[in-house]
Every structure is written in C-alpha cells, then in structure tokens.
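Contents: one structure, followed by commentary.
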Amino acid sequence: MNAGQQFELQVKQTKEAVTGMCFYIDKQVLHDVYQYYLSPDNLNNYHTYEINAHDIFEKVFDAGDILSVYIKNIIHSLHTTSAIYNGSSPELFYGLALHLLLSQRMLRKEILQINAKRFSTQKELYNRLCTAKQMMDDVQAETMQNTN
Numbered sequence: 081m082n083a084g085q086q087f088e089l090q091v092k093q094t095k096e097a098v099t100g101m102c103f104y105i106d107k108q109v110l111h112d113v114y115q116y117y118l119s120p121d122n123l124n125n126y127h128t129y130e131i132n133a134h135d136i137f138e139k140v141f142d143a144g145d146i147l148s149v150y151i152k153n154i155i156h157s158l159h160t161t162s163a164i165y166n167g168s169s170p171e172l173f174y175g176l177a178l179h180l181l182l183s184q185r186m187l188r189k190e191i192l193q194i195n196a197k198r199f200s201t202q203k204e205l206y207n208r209l210c211t212a213k214q215m216m217d218d219v220q221a222e223t224m225q226n227t228n
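Residue numbers (the numbering used here): 81 to 228.
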C-alpha cells in the first residue's frame with residue numbers, strides 16, 4: 081500500500097484460519113533492489129530511475145502470484161519455526177522487494193495490454209476487470225458449494 085492510503089479487505093467466510101501480515105518496505109530498499117536485480121545495465125546510472133508511490137499498483141493477488149507464493153513461504157517458515165522476526169534479517173525485506181517488483185512488472189504488462197489511450201484509463205479498466213472476475217469467481221464458488 082502507498083503511505084497514508086487506506087485499505088480495506090473483506091475475508092470471506094471460511095473454515096480455514098486466515099493469516100494476515102503487514103510488511104513495510106522502505107523506498108530506498110525498493111530502489112536498491114530495482115537497480116541491482118531488475119536493471120543491471122543501469123548500475124552506472126543509478127539516479128535515472130526513482131521508485132515512487134505511483135509505481136506500485138495495489139491489488140489482491142491470486143494465490144499463484146509470485147509475491148503471494150513468496151509471502152506464503154515466509155508465513156509457513158514463521159509457523160514451523162515459531163520464530164518472530166526481530167528486524168535483524170535484511171534478506172527478508174530484499175526478497176520481499178524483489179518479489180514485489182517482479183509481480184508489479186507482470187501486473188504492468190497486463191495493464192498495458194488494455195487498448196486505451198491513457199495509462200490512467202488502462203489502470204481503471206484493469207481494476208474493473210479484476211473486480212468483475214472476482215465477483216464471477218465468488219458466484220461460481222458459491223454455486224459449487226451449494227451443489228455439494
């Protein structure tokens with residue numbers, strides 16, 4: 081989420097426990113990871129790309145998304161080791177930043193496939209398509225549950 085922005089998420093009724101976690105990734109960490117992993121050709125020109133809040137698109141990701149899988153692995157590791165993160169492992173945040181940027185890169189490609197002139201229109205249409213898909217998936221899941 082972007083700083084200062086409110087976020088609301090509804091968790092549907094489920095028999096399984098729902099785990100929620102919040103991570104804060106500093107913009108400088110995102111910038112460093114972007115420069116090192118995603119644009120190695122630009123290492124000499126590190127100042128040419130600035131990551132800002134508008135570069136990160138907010139979305140509830142599917143379970144198979146690269147970021148979702150990575151976070152599931154973190155949660156699984158925390159549950160199996162009963163470890164509580166104390167801030168002494170920067171690798172966790174660099175890994176999160178890398179997976180966030182990779183996920184955002186794939187998301188941006190999906191948005192750009194929408195045929196509209198302005199990027200803001202593409203984003204709005206993409207958000208509407210995601211909402212419609214979620215509603216259809218919910219209806220289908222409810223129908224399947226009622227037939228069982």
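From the three backbone atoms N, C-alpha and C, an ideal C-beta is built for every residue, glycine too.
Remember, it's a predicted structure, so these values are computed and weren't measured experimentally.
Using beta-carbon positions only, say whether residue i and residue j come within less than 8 Å of one another.
| i | j | result |
| --- | --- | --- |
| L178 | V91 | no |
| L147 | S183 | yes |
| L205 | I194 | yes |
Let me make sure I understand the geometry here. Which of the options has the alpha-carbon closest to that of residue i?
| i | options | result |
| --- | --- | --- |
| Q86 | M101, K95, L158, E138 | E138 |
| Y104 | N153, Y116, L158, L180 | L180 |
| V98 | G84, Q115, Y117, H156 | H156 |
| Y117 | V219, T94, E88, L176 | L176 |
| N207 | A221, D218, K95, I191 | I191 |
Could you name the residues of the same chain whose beta carbon sits closer than 7 Å to that of residue i, not counting the 5 residues immediately before and after it, in chain order?
| i | result |
| --- | --- |
| Q214 | none |
| S173 | Per the sequence shown, the amino acid found at residue 173 is Phe instead of Ser. Excluding positions up to five away in sequence, the list reads I105, V109. |
Which same chain residues, not among the five before or five after residue i, have their C-beta less than 8 Å away from its C-beta?
| i | result |
| --- | --- |
| M101 | I151, I154, I155 |
| D218 | K92 |
Spell out whether any CB of chain D is found under 8 Å from the CB atom of residue i.
| i | result |
| --- | --- |
| D112 | In the structure shown, chain D cannot be found, because there is only a single protein chain. |
Exercise. Could you tell me which uninterrupted alpha helix (DSSP H) segments, each at least 4 residues in length, are contained entirely in the segment 91–116, listed from first to last along the chain?
Key: Runs found: 107–113.
- Evaluate contact between the segment 141–150 and the segment 102–117, counting only Cβ atoms and requiring at least three cross-stretch pairs below 8 Å. Flag = no, the segment 141–150 and the segment 102–117 do not touch.
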